[in-house]
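Before any comments, here is the structure.
Residue numbers (the numbering used here): 3 to 272.
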């Protein structure tokens, strides 16, 4: 677990020199995002009990398209949940080696909530920009599943209901996570030169194996994501096999036809 020392002298992160914004999230856009379906879930969804989730993905715009990601209890004990992914969208945006993602999130308050921003392609390529569980109220989780690295970041500014500024640098040799302008973790593993993956933003619900289920009184939970952008250093070459072609300022256009049937398999802290 990484606990930053008081008065950490590290400077606040800055955009890479000569970087361009290649993606600005518009969660209401069906061209950017597909709602309620992801091949990170078995058969594309809607459920993933093998990953300790009570999720039942829904495409209803009220669960995700405003940037407020919601979960609501169903009569069968599962939860309707919001998920957006760039996989399968018309633009098919993918994050690449060297990119920098920034976002501002408001953390959920309810036990059982499991918000995340992460990446996925072809049954893997997963980098967790962040995960959070309110039973560990001051803790964020960061994981590089591509090359087997991760850390927990603890800070009083991380708490249920708080706004948190996140930044992740998908470096070739090291993925670096920043929280509220403080460097939280550098994994010294990186993603490799040709890495690329789609984005996923979602709110899951814990089933109780690694973190508590929601209380019986809880019927709804939410978290919010704002100002999600991806920057790319000017002149970054395309990874091998990447057919995407970027448009100017804020949108990437590409193709995606990943229709594998993967299952996330990861360890959760107690």
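Cβ coordinates follow ideal geometry from the N, Cα and C atoms, glycine included.
This structure is a prediction, so every number in the text was calculated from the model and none was measured.
Local conformation of residue i per DSSP, three classes
i	result
residue 22	strand
residue 63	helix
residue 52	helix
residue 139	coil
residue 152	strand
residue 229	strand
residue 214	coil
residue 117	strand
residue 130	strand
residue 124	coil
residue 167	strand
residue 101	coil
residue 44	helix
residue 145	strand
residue 197	coil
residue 250	Below a pLDDT of 50, predicted positions are generally treated as unreliable, and residue 250, at 34, falls in that range; no measurement from the model is reported.
Cβ neighbour criterion (16 or more within 10 Å) applied to residue i
i	result
residue 180	buried
residue 183	exposed
residue 13	Residue placement at residue 13 is flagged as unreliable, the pLDDT there being 43, under the threshold of 50; a coordinate-derived value is accordingly withheld.
residue 48	buried
residue 217	exposed
residue 247	Low local confidence applies: a pLDDT of 37 at residue 247 is under 50, so the model's placement there is unreliable, and no value is given.
residue 313	Missing from the structure shown is residue 313; the chain here goes from 3 to 272 and no further.
residue 195	exposed
residue 101	buried
residue 280	Here the chain comprises residues numbered 3 to 272, so residue 280 is not present and cannot be evaluated.
residue 34	buried
residue 53	buried
residue 159	exposed
residue 229	exposed
residue 38	buried
residue 45	exposed
residue 73	buried
residue 236	exposed
Under 8 Å between C-beta atoms of residue i and residue j
i	j	result
residue 156	residue 168	no
residue 204	residue 118	yes
residue 88	residue 231	no
residue 61	residue 207	no
residue 170	residue 85	no
residue 234	residue 22	yes
residue 36	residue 199	no
residue 185	residue 193	no
residue 202	residue 31	no
Expected contact under 8 Å - CB spacing of residue i and residue j to nearest Å
i	j	result
residue 187	residue 153	4 Å
* If you pair each beta-carbon of the region 57 to 65 with each one of the region 171 to 181, do three or more pairs fall below 8 Å? -> no
**Prompt:** Should the region 146 to 153 be called in touch with the region 207 to 214, which here means at least 3 C-beta pairs below 8 Å?
**Reply:** no
**Prompt:** Should the region 214 to 226 be called in touch with the region 103 to 112, which here means at least 3 C-beta pairs below 8 Å?
**Reply:** yes
Quick one: any contact between the region 118 to 127 and the region 67 to 78, if contact means 3 or more CB pairs under 8 Å? no
- Item | Inter-stretch contact at 8 Å, needing at least 3 Cβ pairs: the region 73 to 81 / the region 126 to 133 | no
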